[in-house]
Amino acid sequence: MNCYNQTDVKRSALFTFILLFIHINILCAEGKQVMYGVIIDQNDNGPIAFATISLHHQADSSLLTGTTSNQDGYFEISKVKRGNYLLRISFIGYQTRMLQVQFDNQNNCDLGTFPLKEESIHMQEALIVAERKKAQTSDRGTTFFMNKKIYNSSNSGVDILTHLPGVQVDLMKNISLESSTNIKILVDGKERDVQYLEQLDAKQIDRVEIIRNPGARYDAHITGVINVSLKKREEGMSGHIFSEIPTNAQEIFLDPTFGLNYNNKKLNVYTSYSGKLRYFDNSEENVKMINTDKGLQTFNSVLDLRQKNWKHNIHMGADYYLDSQNQFSLYAFVCPETQSFEGTANMELNTDGSNDVRESRDRLEKNDYTLSHYSIFYKHLFAKEGSEITFDLNYFRLRGENSILYDSQESTSLNGVKPHNQFIGFRIDYTSQLASKIKMDAGWKSQLRDMKDRNSSEFSYQEDIHAAYLAFSYANKKWNASVGLRGEYAYTGLDFGEKKEETSFLPNVQMGWQVSKKQNLQLNYRRSLRRPHVYQLSPVATSIDPVSVKRGNYDLIPASHHQFSLKHSVSLGKSHLSTELYYDLSKDVIQNHAFVNQDDLLEYNIANLAERKEFGFKISAALSLSKCIGLTPYLKGYRRYDSPNQQARQLGIVEKNSSGYELGCSSRVNLNDNLSASVIFQYNSPTYDLQNKRFSDAIYILALNQSFKSGIKVGISSAIPLKKDFTFSGVRSKGEDYYSYTKGQVHVSTFFIRLQASYQFKWGKQRAKIERQNRVEEGSQGKGF
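First residue of the sequence shown: 1205, per the numbering used here; consecutive thereafter.
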């Protein structure tokens, strides 16, 4: 039976409309008469920003119009009629140029490149030292600018993020934003991941934009965006090396990186390596108490394991700049990874106090994976300022093998899976400056996911998501507003049951008011979705231990979220302070629950159980306490109300109200020009849903770094000092007829210390990369842990 006809017609019509709209705007953008060019330095061919360009009548030299060049030296003058003109180019410290220009009836006139010659000016030597502003808020989000204090305290791109308010990075370098891992990472507008950030040298990053209310451009499940912008490219050869030296064989946390980059005027080629080596002890404790027909069963188990991780990321890429308006990029990385958990598993089962089972087994778990990613990216800047189009094609492939071996004197058991996952994603994004104050964004995205188990022909999962979006924005000196709509069609198919289809429309509205030069208000509304994962959908029962099983739920539907927020931002000198009030309404919330089934087993299941109302506040800041002290605190406080639906009430689940907070702070002190100290602290209070409490310990890291003019930097850091047992994950669950408690811990020495060394080298000169955006200038879950 064909179940796609009606849906396909709707999708085809929507897609045709988007393409037609884009095509019309492209024709409009290209149909206007524009003259443009690039201003460069005659000596080093570097771009000259803020040069003055004026257009004059050739007959009487009267002024017609004028403009200035941007950071890339690019300028354009629009709405020019046919005729003969004089073009005047000037900039302080350079000789002024006057040229004759003949403008014919073609649509656009490329004036080419204009080199300016330096003008000798004799004056006394002066040294000007100014500190960069910490952050600035725009209608998209908050942009944080990197400075010497952050560079001195960081080695990689991931280290940079630990100094930004609201961004959390754990000891395994997993990144979350306000406790959510459903985030998008962009680097110069290209979709990347944490592996890419790990291989970046900290000093390559110019600024980071944090978008906490993503617009219609982003996927329905995305809760935040981290947009990293790199510095201007270095013409010539450059690179960096970073390594760590363990001080104790009992715990090893190493993240070595190496990067090499070469580029000329047209081509930028780079390769890099980033590794992740982990050796440490951890344990998992489980306690379960179950009321059954046989009596009260009590189950205790303890896993004492030695965890080892070997992960090697090899990156390769090239950026080719056809001209000042066209960029073509290729990127690939291959990541082989091996994990092992070796130790003992001890368990004991009692019924009404009498011992039924007591067993100790050797346990060995191995996970071998190879992840590869290939990307093709193209960007074109139209002659009209603010108009551009990008194409991005990505392919991911994961191939692995997982096995768990239990061995004792009585028996040996082996379980295993061999996953094979593929993902293809394609997107096109178009931006058009319809008028001086009005902008349009439109685009299309398709992603196809396929998952199989090479050990079992019965498991097969397919997920296809197609989306289109359209957004309009308006901005003047006082007000800005945007409205967008995203439509998503999702198809999900497992190897059993009916295939699922759903179509969702997700509106997004933003309004901003520039109260003064230093203050602004922002009002936001967004509707988003959380779709269930494949492992949440599979109804196949899996045994956990002798007293419990788990299974998914194929009847899960996406949870819908409505988010409202009011944000106030203020600049205080070089510092920045942001306060926000928010209210979230979530329906059909997906939550885990447990019950004692007819076989007297504790069954863990998942369902759409609740409606959640949450309100609270967020405070974040980037503070400059002095020229040598920087502080970035973050605080979120909230109150939640979880109301069970009919299905939850049938399971005896009652409503749950809870409060909580998230706290983070990064402090950096430059003791002198090259010596810096830093402290990072992160903690989330326990979180609750209808049946479960989740908790973990605070993370705090102390570091001291010494930089040298030769490009060498050495440092020492200590994570969670004075705390031998670190709880990285804990869950407590309680129902009418059961109690369950699970806690996972890492065991380290009293002073967990790492020595670090890095070296940065370069030969060449700066050359600007292609970009079209407004720059703000400087003023003065896996297994185990």
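Quick reminder that beta carbons are idealized off the backbone N, C-alpha and C, glycines included.
Any idea what DSSP makes of Glu1402, helix, strand or coil?
helix
Report the CB separation of Gly1620 from Ile1632 in whole angstroms; it is logged as a contact under 8 Å.
Their Cβ separation, rounded to whole angstroms, is 41 Å, which puts Gly1620 and Ile1632 out of contact at 8 Å.
Relative to the alpha-carbon of Lys1283, which residue among Ala1549, Phe1307 and Pro1736 has its alpha-carbon at the smallest distance?
For the options Ala1549, Phe1307 and Pro1736, the alpha carbon positioned closest to that of Lys1283 is the one of Phe1307.
Going by C-alpha to C-alpha distance, which of Glu1705, Leu1365, Tyr1892 and Phe1676 sits closest to Ile1414?
Leu1365
Helix, strand or coil: how does DSSP classify Arg1562 here?
strand
Three or more beta-carbon pairs under 8 Å between the region 1536-1544 and the region 1585-1596, yes or no?
no
Any idea if Ser1172 is buried or exposed, counting beta-carbon neighbours within 10 angstroms, 16 or more meaning buried?
With the chain covering only 1205 through 1989, there is no way to say anything about residue 1172.
Are Ser1533 and Thr1548 closer than 8 Å when you measure CB to CB?
no
By alpha-carbon positions, which one of Leu1303, Gln1949 and Gly1241 ends up nearest to Asn1274?
Gly1241
Take the Cβ of Gln1850 as the centre, count every other Cβ of all protein chains shown within 10 Å, and call the residue buried at 16 or more, exposed below.
exposed
Just how far apart, CA to CA, sit Ile1354 and Ala1826?
The C-alpha of Ala1826 is placed about 12 Å away from the C-alpha of Ile1354.
When the distance is taken between beta carbons, is Ile1494 closer than 8 Å to Tyr1942?
Closer than 8 Å, so yes.
Along the chain, where does the beta strand (DSSP E) containing Tyr1240 start, and where does it finish?
Val1238 to Asp1245
Taking only the alpha-carbon atoms, compute the straight-line gap between Ser1360 and Asp1405 and give it to the nearest angstrom.
5 Å
Alpha carbon to alpha carbon, what distance is there between Lys1656 and Lys1681?
54 Å
When burial is assigned at 16 or more other CB atoms within 10 Å of the CB, is Thr1272 buried or exposed?
exposed
Taking the straight line between their C-alpha atoms, what separation do you get for Lys1771 and Arg1421?
The alpha-carbon atoms of Lys1771 and Arg1421 are separated by roughly 21 Å.
Could you give the uninterrupted runs of the beta strand (DSSP E) lying entirely in the region 1735-1791, keeping only those of 3 residues or more?
The DSSP assignment places 1746-1749, 1752-1754 and 1763-1776 as complete runs of the beta strand (DSSP E) inside the region 1735-1791, in order along the chain (cut-off: 3 residues).
In angstroms with no decimal places, state the Cα-to-Cα distance between Leu1320 and Ala1255.
Straight-line Cα distance between these residues: approximately 10 Å.
From Ser1871 to Ser1433, what does the alpha carbon distance come to, in whole angstroms?
23 Å
Do Ile1257 and Pro1251 have their CB atoms nearer than 8 Å?
no
Is Tyr1865 closer than 8 Å to Ser1880 when the C-beta atoms are compared?
no
From Phe1600 to Asp1560, what does the alpha carbon distance come to, in whole angstroms?
48 Å
When DSSP labels each residue in this structure, what does Ser1524 get in the three-state scheme?
Correcting the residue identity first, residue 1524 is Tyr in this sequence and not Ser. In the structure shown, Tyr1524 sits in a strand (DSSP, three-state: E or B).
Alpha carbon to alpha carbon, what distance is there between Tyr1665 and Lys1352?
Answer to the nearest angstrom: the Cα atoms are 48 Å apart.
Rounded to the nearest angstrom, how far is the Cβ of Gly1868 from that of Gln1854, given a contact under 8 Å?
With a Cβ gap of about 40 Å, Gly1868 and Gln1854 do not count as contacting.
Check for me: the beta strand (DSSP E) holding Ala1679 runs from which residue to which?
Ser1660 to Ala1679
Could you check where the beta strand (DSSP E) with Asn1467 kicks off and where it finishes?
For Asn1467, the enclosing beta strand (DSSP E) starts and ends at Thr1461 to Asn1467.
The alpha helix (DSSP H) with Leu1365 in it runs from where to where?
Per DSSP, Leu1365 belongs to the alpha helix (DSSP H) from Gly1361 to Leu1365.
Below 7 Å, is the gap between the Cβ of Leu1806 and the nearest heavy atom of the ligand GTP?
The ligand GTP is absent from the structure shown, which contains no ligands of any kind.
For the beta strand (DSSP E) that contains Tyr1845, what are its first and last residues?
Segment Ile1833 to Pro1848, the beta strand (DSSP E) holding Tyr1845.
Cutting at 7 Å between CB atoms, please list the residues of its own chain near His1624, excluding the five before and the five after it.
Arg1603, Lys1656 and Arg1658
Quick check on Gln1408: does DSSP put it in helix, strand or coil?
Helix, per DSSP.
Might you give, ordered along the chain, the residues of its own chain that have their beta carbon closer than 6 Å to the beta carbon of Tyr1678, omitting 5 neighbours on each side?
Lys1641, Ile1642 and Ala1685
With three or more C-beta pairs closer than 8 Å as the rule, is the region 1484-1502 touching the region 1435-1447?
no
Going along the chain, which residues of its own chain have a beta-carbon closer than 8 Å to the beta-carbon of Phe1955, five neighbours each way excluded?
Counting only Cβ-Cβ distances below 8 Å, and skipping sequence neighbours, we find Ser1922, Pro1925 and Leu1926.
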